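Structure, as structure tokens:
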Ligand SMILES: [Zn+2]
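In the numbering used here, the protein residues as written are 2 to 345.
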């Protein structure tokens with residue numbers, strides 16, 4: 002299920018706009034040819050333009066890494082899910098559905114294998130497969146798909162999810178037995194209260210096990226019934242040992258979530274979409290809070306939302322530079338913190 006063969010968008014469909022060919026280094030051109038070869042036996046001009054564009058993107062990301070002295074990146078917030086689920090997510094973004102709130106052009110509407118290879122080409126040594134249910138009864142089969150994806154993708158940090166439903170604890174136990182290393186909890190899309198009684202034994206178990214949970218709990222891009230800092234503060238009051246990774250730096254309630262990270266040893270933040278022009282237009286990071294973000298250097302993790310991003314991958318990385326928090330901060334965020342968290 003969800004293999005490359007069932008893709009809605011093949012190579013060349015909705016990918017980055019073609020750019021003029023550049024005289025790249027031989028290595029990059031070789032990689033571009035390899036991309037074109039993988040595109041299939043029929044090499045159209047569009048395939049070749051896409052391959053050249055991918056090579057140019059790899060050079061940009063390599064330059065970002067080189068400027069920090071990093072051989073690799075770790076990206077804790079990337080989305081891989083069964084193809085028909087991903088197709089629905091893309092359709093939702095295309096329609097600027099109510100939880101998106103505005104046009105959101107997806108840059109990497111590619112088949113799965115090509116998306117994985119692009120991340121590898123960027124030097125991302127480990128990444129997640131964030132997936133999430135929007136209703137009861139979905140989590141278990143999503144987790145079974147994710148277990149299969151992790152088994153065939155050794156650089157994926159095995160990811161699972163859960164929903165506020167009576168079977169949540171059983172789902173989470175099963176996912177842990179399958180080898181899950183990180184969970185995704187989507188309070189905004191799920192529309193549930195993280196303090197739902199069905200989740201109480203789940204949080205207790207995850208706190209005991211020390212398994213990180215990337216949680217979309219901020220009210221961006223659009224508030225949900227249970228988003229915002231208050232429900233998470235209540236949750237942490239009962240389970241102070243939880244290792245919660247607040248997605249998107251908690252946007253737009255950045256300062257409240259920074260406060261939770263400052264007060265709770267297990268609370269971290271991921272950078273997904275933060276400081277990008279797209280996010281800054283709607284939910285700018287408060288400049289006065291930059292020193293607090295700097296002080297949380299050891300608790301901030303790179304996330305990107307790849308492939309569901311309205312900009313090239315390198316642009317998301319470069320956006321982090323605009324926070325102007327220095328090379329040490331960027332090195333910790335883009336690699337070292339996650340490598341430590343996941344014992345890579
Ligand atoms: Zn995401």
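Heads up, the beta-carbon is just placed ideally off N, CA and C, and yes, glycines get one too.
No experiment lies behind these values; they were computed from the predicted model shown.
Residue i in three-state terms, based on DSSP
i           : result
residue 27  : Interpretation of residue 27 is limited by its pLDDT of 44, a score under 50 that renders its predicted location unreliable; the figure taken from the coordinates is listed afterwards. In this structure, residue 27 counts as helix in the three-state DSSP scheme.
residue 216 : strand
residue 76  : strand
residue 110 : coil
residue 103 : coil
residue 90  : helix
residue 14  : At residue 14, the pLDDT of 35 sits below 50, so the modelled position is not reliable and the matter cannot be decided from this model.
residue 45  : coil
residue 270 : strand
residue 323 : coil
residue 128 : strand
residue 305 : coil
residue 297 : coil
residue 158 : strand
residue 37  : Only weak support exists for where residue 37 lies, its pLDDT of 48 falling under 50; the value from the coordinates is given anyway. Here residue 37 sits in helix by DSSP.
residue 1   : This structure gives no information on residue 1, because the portion of the chain shown stretches from 2 to 345.
residue 68  : helix
residue 138 : coil
residue 314 : helix
residue 251 : helix
Spatial neighbours of residue i in its chain, beta-carbon cut-off 6 Å, leaving aside the 5 residues before and after
i           : result
residue 137 : 164 and 166
residue 233 : 218
residue 1   : Outside the displayed range of the chain (2 to 345) lies residue 1, so it cannot be described from this structure.
residue 280 : 274
residue 106 : 311
Beta-carbon contacts of residue i that lie in its chain and below 7 Å, excluding the five residues immediately before and after
i           : result
residue 276 : 286, 320, 321, 323 and 324
residue 154 : 117
residue 225 : 188, 189 and 192
Distance CB(residue i)-CB(residue j) smaller than 9 Å
i           : j           : result
residue 134 : residue 162 : yes
residue 62  : residue 318 : yes
residue 326 : residue 294 : yes
residue 302 : residue 252 : no
residue 335 : residue 59  : no
residue 213 : residue 182 : yes
residue 305 : residue 54  : no
residue 93  : residue 307 : no
residue 240 : residue 204 : yes
Residue i Cβ short of 8 Å to ligand 1 heavy atom set
i           : result
residue 283 : no
residue 131 : yes
residue 312 : no
residue 194 : no
residue 217 : yes
residue 306 : yes
residue 135 : no
residue 248 : yes
residue 160 : no
residue 277 : no
residue 80  : yes
residue 273 : yes
residue 338 : no
residue 144 : no
8 Å CB neighbourhood of residue i in its chain, flanking five on each side removed
i           : result
residue 290 : 255, 256 and 259
residue 345 : 75, 126, 127 and 339
Closer than 9 Å to chain B by CB, residue i
i           : result
residue 158 : Here there is only one protein chain, and chain B is not present.
Please specify which runs of the beta strand (DSSP E), each continuous and at least 3 residues long, are wholly inside the stretch 164-249, giving them in chain order. 183-187, 214-217 and 245-247
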